[in-house]
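This report concerns only the one structure given below.
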Amino acid sequence: MSYRILATLIAISILFTTLAFSANQNNIQARVFIDAKPQLNQFYAQHLDVVNRNYNYFEIITNQDELNELEAIGFRTEVVIDDLKKFILSRYDKTRPMGGYMTLSEINDAVDVIVADHPDIVSAKVDLGQTIEGRTMWAVKISDNPNVDEDEPEVLFTSAIHAREVITPLVLLNVMDSLTDKYASVPYIQSLVDNYETWFVPVVNPDGYYHNEVIAPGGYGMWRKNRRDNGDGTFGVDLNRNFGYLWGYDDIGSSPNTDDQTYRGTGPFSEPETQNMRDFSIAHEFEISVYYHSYSNLYLWPWSYNLTTTEDEDIFVGLGDSACFLTGYTPNYINPLYEANGGTCDWYYGEQTLKNKSYSFVVEVGTYEDGFWPATSRIVPLINENYLATLFLIEVIDSVEQAMVPKPPALILEDTVDHSSYQVEWTHPDPFNPGVNYELVEYSDYSQVTDPADNFDNFINNGFTLGYSRFHSDYSSFYSGMSTANFSGYLTTRNPVLIKPGDIFRFWTFYRIEDDYDY
Numbered sequence: 324m325s326y327r328i329l330a331t332l333i334a335i336s337i338l339f340t341t342l343a344f345s346a347n348q349n350n351i352q353a354r355v356f357i358d359a360k361p362q363l364n365q366f367y368a369q370h371l372d373v374v375n376r377n378y379n380y381f382e383i384i385t386n387q388d389e390l391n392e393l394e395a396i397g398f399r400t401e402v403v404i405d406d407l408k409k410f411i412l413s414r415y416d417k418t419r420p421m422g423g424y425m426t427l428s429e430i431n432d433a434v435d436v437i438v439a440d441h442p443d444i445v446s447a448k449v450d451l452g453q454t455i456e457g458r459t460m461w462a463v464k465i466s467d468n469p470n471v472d473e474d475e476p477e478v479l480f481t482s483a484i485h486a487r488e489v490i491t492p493l494v495l496l497n498v499m500d501s502l503t504d505k506y507a508s509v510p511y512i513q514s515l516v517d518n519y520e521t522w523f524v525p526v527v528n529p530d531g532y533y534h535n536e537v538i539a540p541g542g543y544g545m546w547r548k549n550r551r552d553n554g555d556g557t558f559g560v561d562l563n564r565n566f567g568y569l570w571g572y573d574d575i576g577s578s579p580n581t582d583d584q585t586y587r588g589t590g591p592f593s594e595p596e597t598q599n600m601r602d603f604s605i606a607h608e609f610e611i612s613v614y615y616h617s618y619s620n621l622y623l624w625p626w627s628y629n630l631t632t633t634e635d636e637d638i639f640v641g642l643g644d645s646a647c648f649l650t651g652y653t654p655n656y657i658n659p660l661y662e663a664n665g666g667t668c669d670w671y672y673g674e675q676t677l678k679n680k681s682y683s684f685v686v687e688v689g690t691y692e693d694g695f696w697p698a699t700s701r702i703v704p705l706i707n708e709n710y711l712a713t714l715f716l717i718e719v720i721d722s723v724e725q726a727m728v729p730k731p732p733a734l735i736l737e738d739t740v741d742h743s744s745y746q747v748e749w750t751h752p753d754p755f756n757p758g759v760n761y762e763l764v765e766y767s768d769y770s771q772v773t774d775p776a777d778n779f780d781n782f783i784n785n786g787f788t789l790g791y792s793r794f795h796s797d798y799s800s801f802y803s804g805m806s807t808a809n810f811s812g813y814l815t816t817r818n819p820v821l822i823k824p825g826d827i828f829r830f831w832t833f834y835r836i837e838d839d840y841d842y
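Residue numbers (this note's numbering): 324 to 842.
Structure, rendered in structure tokens:
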């Protein structure tokens, strides 16, 4: 029943991310300010553990020695949390082991219970292979004939590729529990199970997850990577930088240094965990693939290696916007923290030779305040807010176009007509996603206007004034002013503007930006 999982969830909290806790130094969360453009590249070159970003600073997990080194090379810093362990423990439900989150064995046990209770719709556990330390990676399928490979659309959900992101397995277990417990009583759930093959890998990084139990049995472990012995006194490869698509594209989106949190490994798929996920995914045809992470309340999609859009951006936007409508998250094709190469998102979508194209997402669960170990009171809200969006992604895997806005019809009509009686015809160019209905709007009194920029009669004004010291014609211009940081001003025309093919928008502008900062 759903209660068996929720009962084990009760929980804990922490803010952020990366290093294992040191016995000799407190882990610190601090801001590093970027006061000039050259410092940005200098900052990226440090390969720090970034957990948040604002317009002029990054927040990192660090220690006092590293903070001193940053200050020595010219960075301004500000400590946000001076003792992460103490902060994390202060938010615990102290009656629960590991702060209320599930251990690796408890996650495996929960999966075993779901399999045992629902053998008619849950497959036997599938052995994906061993980890670097010899643990087994498991997957299960929920479908009406779970142990048969039917010709049905497939979708993949995974979690805990980064060991410290402990809320993510609970998101998947909640969905698995719902699909099985409600199968007989909720027709919508039954339809999803009967018509699709939904795969779950609750822990992609079992070694790292278990390591956090060892180093922080109270439930505040900050280990991120796997447990590869790098042979130089350091451990771990970032599994989300070890996939093969444009692996090692640059040293900004991943690091060649073994002690960095984004260390990419010695080569693409150098780690058994990523090899296992690669081989498993090649053996299937996942139309959509989702890796759950924490945190930031985001839906992300390719490309991550250079923060550009794919040729399927309209489909990603449709899927992402719809999912975020259900979660309240922010859809974004770029990671607002940093670029990332060798990641899952780019490989699942970009690798189209060995396997099919998969619409791939990274879902960042939880707010800035939640961090990697959200407070006990936040666990149930976080798993619940991701529930409907996960079901939605199952529902659309056989026709991702249905998540998009239907294309507008092709009108057969002159741009303008000069009489009151006319005929409108159209054809629909989007058979895969037809619109239910359309609204035809007629405008009259078409005219051309040249605005001299001497008043705001034609505009809805937000943040501008009239300027008289610089102008192109007449005696005035629209002036945004010498503003503070993050200023946003705009002018919107009061009446719609008809844009015809070949039209060009031209304007004269004068601007001044701050040297070595605005760019």
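Beta carbons: idealized from backbone N, C-alpha and C, even for Gly.
Can you tell me whether residue i is buried or exposed, with buried defined as 16 or more other CB within 10 angstroms of its CB?
i      : result
Ile836 : exposed
Trp749 : exposed
His795 : exposed
Asn563 : buried
Gly804 : exposed
Ser514 : exposed
Helix, strand or coil: which one does DSSP assign to residue i?
i      : result
Gln453 : strand
Asp372 : strand
Val445 : strand
Glu536 : helix
Gly694 : coil
Asp552 : strand
Gly673 : helix
Met421 : helix
Glu401 : strand
Val463 : strand
Val478 : strand
Leu642 : helix
Glu654 : Note that residue 654 is Pro in the sequence shown here, rather than Glu. Looking at Pro654 - three-state DSSP - the assignment turns out to be strand.
Asn563 : helix
Asn470 : coil
Tyr415 : coil
Thr788 : strand
Ile437 : helix
Val688 : coil
From residue i to residue j, what distance separates their C-alpha atoms?
i      : j      : result
Asp780 : Pro819 : 14 Å
Tyr615 : Val764 : 43 Å
Ala346 : Val688 : Its pLDDT being 40, under 50, Ala346 is placed unreliably in this model, and the value from its coordinates should be taken loosely. C-alpha separation (whole angstroms): 29 Å.
Val516 : Pro476 : 11 Å
Ala733 : Met727 : 17 Å
Asn784 : Asp637 : 31 Å
Phe344 : Thr597 : The predicted position of Phe344 is uncertain, since its pLDDT is 39 and thus under 50; a value taken from the coordinates is nonetheless stated next. Between Phe344 and Thr597, the C-alpha separation is close to 26 Å.
Gly588 : Lys448 : 29 Å
Asn379 : Tyr628 : 22 Å
Glu473 : Tyr543 : 42 Å
Ser578 : Arg793 : 48 Å
Phe558 : Asp467 : 42 Å
Phe398 : Asp583 : 19 Å
Asp416 : Ala359 : 43 Å
Val373 : Asp552 : 23 Å
Glu594 : Asp450 : 17 Å
Leu705 : Phe801 : 46 Å
Lys505 : Ile512 : 7 Å
Glu520 : Leu502 : 12 Å
Trp570 : Asn664 : 6 Å
Ser770 : Arg817 : 14 Å
Ser413 : Phe366 : 31 Å
Glu389 : Arg701 : 32 Å
Excluding sequence positions up to five away, which residues of its chain have a Cβ less than 6 Å from the Cβ of residue i?
i      : result
Gly758 : Pro729
Leu479 : Trp522, Phe609 and Ser612
So, for residue i: in the same chain, excluding its five sequence neighbours on each side, which residues have a beta-carbon less than 7 Å away from its beta-carbon?
i      : result
Asp555 : Thr581
Trp624 : Phe639, Gly643, Tyr656, Cys668, Ser683 and Phe684
Ala646 : Tyr622, Ala712, Phe715 and Leu716
Thr585 : His370, Asp561, Arg564, Ser577 and Ser578
Pro529 : Leu427, Thr454, Arg458 and Met460
Could you name the residues of the same chain whose beta carbon sits closer than 8 Å to that of residue i, not counting the 5 residues immediately before and after it, in chain order?
i      : result
Glu674 : Gly567 and Tyr568
Thr491 : Ser482, Ala483, Tyr615, His616, Ser617 and Val688
Pro775 : Ser796, Asp797 and Ser799
Val747 : Leu734, Ile735, Leu736 and Leu763
Would you give the residue range spanned by the alpha helix (DSSP H) that residue i belongs to?
i      : result
Ile822 : Here Ile822 belongs to no alpha helix (DSSP H), and DSSP marks it neither H nor E.
Leu515 : Pro510 to Asn518
Val498 : Ile490 to Asp504
Leu411 : Position check: residue 411 holds Ile in this sequence, whereas Leu was assumed. Here the alpha helix (DSSP H) through Ile411 covers Leu407 to Leu412.
Can you tell me where the beta strand (DSSP E) holding residue i begins and where it ends?
i      : result
Arg354 : Ile351 to Phe356
Thr773 : It is not in any beta strand (DSSP E) - Thr773 carries neither H nor E in the DSSP assignment.
Glu762 : Per DSSP, Glu762 belongs to no beta strand (DSSP E) and is neither H nor E.
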